[in-house]
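Under this note's numbering, the first residue of the sequence shown is numbered 10, with each subsequent residue one higher.
The C-beta atom is built at its ideal place from N, Cα and C for all residues, glycine as well.
As structure tokens, the structure follows; a few thoughts come after it.
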Amino acid sequence: MKKLLITVLIIFATITSVSFAEVNPVLKSTRTRLIEVTKKASKTLSVNACKHPSNKISKINYKYLSTAKHTYTKRCNSCGVNIQFNVAENHMFTNGKCVYCGYCTHSNISKKDYKNISDTSHTYTKYCTTCGQNLQLNVKEGHSYNGGVCICGKPNPAFEYAKQYLESFKDPLALTETIAKNQQESEMARWKILQDTQTKCFEIQQDVSVNQTKTHDKMFSKWSEYIRP
Ligand SMILES: [Zn+2]
Ligand SMILES: [Zn+2]
Ligand SMILES: [Zn+2]
Ligand SMILES: [Zn+2]
Numbered sequence: 010m011k012k013l014l015i016t017v018l019i020i021f022a023t024i025t026s027v028s029f030a031e032v033n034p035v036l037k038s039t040r041t042r043l044i045e046v047t048k049k050a051s052k053t054l055s056v057n058a059c060k061h062p063s064n065k066i067s068k069i070n071y072k073y074l075s076t077a078k079h080t081y082t083k084r085c086n087s088c089g090v091n092i093q094f095n096v097a098e099n100h101m102f103t104n105g106k107c108v109y110c111g112y113c114t115h116s117n118i119s120k121k122d123y124k125n126i127s128d129t130s131h132t133y134t135k136y137c138t139t140c141g142q143n144l145q146l147n148v149k150e151g152h153s154y155n156g157g158v159c160i161c162g163k164p165n166p167a168f169e170y171a172k173q174y175l176e177s178f179k180d181p182l183a184l185t186e187t188i189a190k191n192q193q194e195s196e197m198a199r200w201k202i203l204q205d206t207q208t209k210c211f212e213i214q215q216d217v218s219v220n221q222t223k224t225h226d227k228m229f230s231k232w233s234e235y236i237r238p
């Protein structure tokens, strides 16, 4: 408010001097008086200037400076004046990211958005789990199967083959026919094999269901033993 008043007074004094002061000595003296009052008022203002008490100082406007430091502006909340600019300070890292300026070292890397692109490989996006920024797109990598399927969704071909093979055992007749055809067995021999296969099928099913820890692999090897000539 005081500042505003002073500005008004200065404007008034200026107008007065231009318009009338030269011709009217009374107005001229008024102008001189106004200037004196203005000077006094500004002197009073400077005496009352904020001392920027330390408990009212805050740091604002953080900006990245280097991998080690950022800068900030020192501000007095008491008078609202920015006291100091571009003050350098070390980053304060939490989980690889500065809590003040936001600078991230991208030290927590992960992969996402897998895409199956061929029989042998997929692509993924490399990103920082701290700030979420994508660091590299379409990175190529070979499929890797931890079980039946790759992380990109591609089924393990070996696993698929084994599954199909095991599936075929569920139909003893089809299996027997295959064996019979391959071995060129006679009618009687074929019938014998069918009987044996059905019996064996039942035995294996019993065995596997009794012991849950026995895996498909076990079933597979048992069958391998059985059908091996
Ligand atoms: Zn202040
Ligand atoms: Zn920082
Ligand atoms: Zn990051
Ligand atoms: Zn894959």
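- request: Starting from A171, trace the beta strand (DSSP E) both ways and give me its first and last residue.
  value: It is not in any beta strand (DSSP E) - A171 instead sits in the alpha helix (DSSP H) that spans 166 to 178.
query: By the 10 Å Cβ neighbour count, where 16 or more other Cβ atoms means buried, how is C59 classified, buried or exposed?
result: By the Cβ-count criterion, C59 is exposed, with fewer than 16 other Cβ atoms from all chains shown falling within 10 Å of its own Cβ.
message: Using a Cβ-based criterion (distance less than 7 angstroms to any ligand heavy atom), does C88 qualify as near ligand 2?
response: No, since every heavy atom of ligand 2 falls outside the 7 angstroms radius drawn around the Cβ of C88.
- prompt: Under a Cβ-count criterion, where at least 16 other Cβ atoms within 10 Å of its own Cβ denotes burial, should R84 be classed as buried or exposed?
  reply: Answer is buried; the Cβ neighbour count reaches 16.
task: Write down the C-beta distance between P164 and G157 rounded to the nearest angstrom, noting that I regard them as a contact closer than 8 angstroms.
output: Contact annotation, P164 with G157: C-beta distance approximately 6 angstroms; criterion of less than 8 angstroms satisfied.
- request: Indicate the three-state DSSP secondary structure (helix, strand or coil) for S87 in the structure shown.
  value: Reduced to three states, the DSSP call for S87 is coil.
- prompt: Okay, do the segment 132 to 141 and the segment 106 to 114 touch, 3+ Cβ pairs below 8 angstroms being the bar?
  reply: Three or more Cβ pairs closer than 8 angstroms define a contact, and the segment 132 to 141 meets that threshold against the segment 106 to 114.
query: Where do the N-terminal and C-terminal ends of the beta strand (DSSP E) with I160 fall, by residue?
result: If you look at I160, you'll find it isn't in any beta strand (DSSP E); DSSP assigns it neither H nor E.
query: Whose CA, out of S127, N91, M101, lies closest to the CA of G162?
result: Looking at the Cα atoms, S127 is the closest of the given residues.
field: Residues of its chain near T114, where Cβ-Cβ distance is below 6 angstroms and the 5 sequence neighbours each way are ignored
entry: For T114, same chain residues with a beta-carbon under 6 angstroms away, outside a window of 5 residues either side, are G105 in chain order.
message: Buried or exposed for C110, going by 16 or more other Cβ atoms inside 10 Å?
response: Of the residues assessed, C110 falls on the buried side of the cut-off, its CB having 16 or more other CB atoms within 10 angstroms.
- prompt: Roughly how many angstroms separate the alpha carbons of V1 and S119, rounded to a whole number?
  reply: What the structure shows of the chain is the stretch from 10 to 238, and residue 1 is not part of that stretch, so it cannot be assessed.
Beta carbon of K68 nearer than 8 angstroms to that of S87: By the CB criterion at 8 angstroms, K68 and S87 fall outside the cutoff.
message: Using a Cβ-Cβ cutoff of less than 8 angstroms, which residues in the same chain neighbour V148 once the five nearest sequence positions on both sides are dropped?
response: Counting only Cβ-Cβ distances below 8 angstroms, and skipping sequence neighbours, we find K120, T132, Y133, T134, K135.
- prompt: Given that a residue counts as buried once 16 or more other Cβ atoms are within 10 Å of its Cβ, and exposed if not, what is A30?
  reply: Its pLDDT being 47, under 50, A30 is placed unreliably by the model, and the measurement read from it follows with that caveat. Burial check for A30: the Cβ neighbour count within 10 Å reaches 16 or more, so the residue is buried.
query: Along the chain, where does the beta strand (DSSP E) that runs through H152 open and close?
result: That residue, H152, is in no beta strand (DSSP E); it is neither H nor E in DSSP.
- prompt: DSSP on N104, reduced to helix/strand/coil?
  reply: Reduced to three states, the DSSP call for N104 is coil.
Close Cβ partners of N70 (< 7 angstroms) along its chain, the five nearest in sequence each way excluded: Only Y81, T82 meet the Cβ criterion.
query: Which residues, in chain order, sit with a beta-carbon under 6 angstroms away from any heavy atom of ligand 3?
result: Any heavy atom of ligand 3 counts here; residues with a Cβ closer than 6 angstroms to one of them, in chain order, are C113, H115, C137, T139, C140, Q142.
query: Per DSSP, C137 forms a beta bridge with which residues?
result: Per DSSP, I118.
field: Inter-residue Cα distance where the pair is S63 and F94
entry: So the alpha carbons of these two residues sit roughly 16 angstroms apart.
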